[in-house]
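Peer 1:
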Amino acid sequence: QQLIRAAGRSNQPQTSAQGVAVAKRAPFGYEVMQTASPLISVERDALTALLQSPQLVEPVFDTLPCDTFTHPALAWMHAIVQQAGGQAQAAQLGPKLWVQQVEDLANPAIRPLLNLLAISALPVADETKLGAYISDVMANLQVQHLDRQIAEAKGRLSRAEANGSGYTDATIEIQQLEAARRALLAH
Numbered sequence: 008q009q010l011i012r013a014a015g016r017s018n019q020p021q022t023s024a025q026g027v028a029v030a031k032r033a034p035f036g037y038e039v040m041q042t043a044s045p046l047i048s049v050e051r052d053a054l055t056a057l058l059q060s061p062q063l064v065e066p067v068f069d070t071l072p073c074d075t076f077t078h079p080a081l082a083w084m085h086a087i088v089q090q091a092g093g094q095a096q097a098a099q100l101g102p103k104l105w106v107q108q109v110e111d112l113a114n115p116a117i118r119p120l121l122n123l124l125a126i127s128a129l130p131v132a133d134e135t136k137l138g139a140y141i142s143d144v145m146a147n148l149q150v151q152h153l154d155r156q157i158a159e160a161k162g163r164l165s166r167a168e169a170n171g172s173g174y175t176d177a178t179i180e181i182q183q184l185e186a187a188r189r190a191l192l193a194h
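When you line the sequence shown up against our numbering, it's residues 8 to 194, in that order.
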């Protein structure tokens with residue numbers, strides 16, 4: 008009951024002035040909780056881990072650029088947690104105080120998603136394996152971001168003149184990004 012109300016819904020159907028049932032929209036970003044997209048799931052799980060088990064999230068979280076998160080609601084949530092102090096602050100405060108600090112900074116439109124992320128179960132039942140799971144999620148999140156950067160660099164490479172400086176720069180960038188990707192995958 009409380010979760011439903013927190014998500015901006017009520018048990019009573021809403022009606023228009025004409026007496027016709029009106030469906031209320033789901034809260035902003037709610038669909039990320041229902042998606043089967045593996046890309047969005049990794050982004051969602053990274054934020055869920057930071058909210059619930061910040062001490063297990065690697066400090067590299069604080070270095071992730073905003074475009075690491077591709078869904079607008081998750082990108083907004085990332086910006087809020089960074090504004091609240093990021094992983095470093097989260098690890099010091101602990102989950103309960105951390106979620107409260109993030110909620111205090113959050114716009115009311117995104118609070119239902121924050122609450123859902125804060126209570127959603129991570130897909131690891133064994134507490135001893137949670138750290139390894141979160142480490143894998145963080146590596147996958149970084150790999151996804153590197154994949155997008157590699158694709159962008161390859162696009163620039165395909166548009167560059169064969170012997171121009173843009174071609175050389177894009178080639179070097181691709182090599183560096185792919186080396187960083189391989190290092191994360193070897194993780």
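We treat Cβ as the ideally placed atom computed from N, Cα and C, and that holds for glycine.
May I have the straight-line CA-CA distance separating Glu50 from Arg163, to the nearest angstrom?
Peer 2: Looking at the two C-alpha atoms, the distance is approximately 26 Å.
Peer 1: Can you have a look at Val67 and say buried or exposed, based on whether 16 or more other CB atoms are within 10 angstroms of its CB?
Peer 2: It counts as exposed.
Peer 1: In this structure, does DSSP put Tyr174 in helix, strand or coil?
Peer 2: Tyr174 falls in the helix class under three-state DSSP.
Peer 1: Under the three-state reduction of DSSP, which class applies to Gln99: helix, strand or coil?
Peer 2: In the structure shown, Gln99 sits in a helix (DSSP, three-state: H, G or I).
Peer 1: Smallest Cα separation from Pro79: which of Ala146, Arg166, Tyr37, Glu168?
Peer 2: Nearest option by C-alpha distance: Tyr37.
Peer 1: Kindly list the residues whose CB is nearer than 7 Å to the CB of Thr55, restricted to its own chain and excluding five residues on each side of it in sequence; keep chain order.
Peer 2: So the qualifying residues of the chain are Leu124, Ser127, Leu129.
Peer 1: In this structure, how does DSSP classify Val29 when only helix, strand and coil are distinguished?
Peer 2: Note that Val29 scores a pLDDT of 48, beneath 50, so its modelled location is shaky; the value from the coordinates is reported in the next line. Correct three-state label for Val29: strand.
Peer 1: Do Leu120 and Gln109 count as a contact pair if the criterion is CB distance below 8 Å?
Peer 2: Note that residue 109 corresponds to Val in the displayed sequence, not to Gln. No, Cβ-Cβ distance for Val109 and Leu120 is not below 8 Å.
Peer 1: Are Phe35 and Ala116 touching if we call contact CB-CB under 8 Å?
Peer 2: Going by C-beta atoms, Phe35 is nearer than 8 Å to Ala116.
Peer 1: What would DSSP say about Ile11, mapped onto helix, strand or coil?
Peer 2: Per-residue confidence for Ile11 stands at a pLDDT of 34, beneath the threshold of 50, marking its modelled position as unreliable; no derived number is given.
Peer 1: Taking 8 Å as the threshold (C-beta atoms), are Ala91 and Leu112 in contact?
Peer 2: Yes; because the gap between Cβ atoms is below 8 Å, this pair is in contact.
Peer 1: So the alpha helix (DSSP H) Pro119 belongs to, where does it begin and stop?
Peer 2: Start and end: 118-126.
Peer 1: Work out the CA separation of His194 and Gln89 for me, nearest whole Å.
Peer 2: C-alpha separation (whole angstroms): 25 Å.
Peer 1: Less than 6 Å between C-beta atoms, sequence neighbours within five positions excluded: which residues of the same chain meet that for Gln149?
Peer 2: Contacts found: Leu191.
Peer 1: Are the Cβ atoms of Gln94 and Pro72 separated by less than 8 Å?
Peer 2: Going by C-beta atoms, Gln94 is not nearer than 8 Å to Pro72.
Peer 1: On the criterion of 16 or more Cβ atoms from any shown chain inside 10 Å, does Ile87 qualify as buried, or is it exposed?
Peer 2: It counts as buried.
Peer 1: With 16 as the cutoff for other CB atoms within 10 Å, does Asn147 come out buried or exposed?
Peer 2: Counting Cβ neighbours within 10 Å, Asn147 comes out buried, since at least 16 surround it.
Peer 1: Please state whether DSSP places Val131 in a helix, a strand or coil.
Peer 2: Correct three-state label for Val131: coil.
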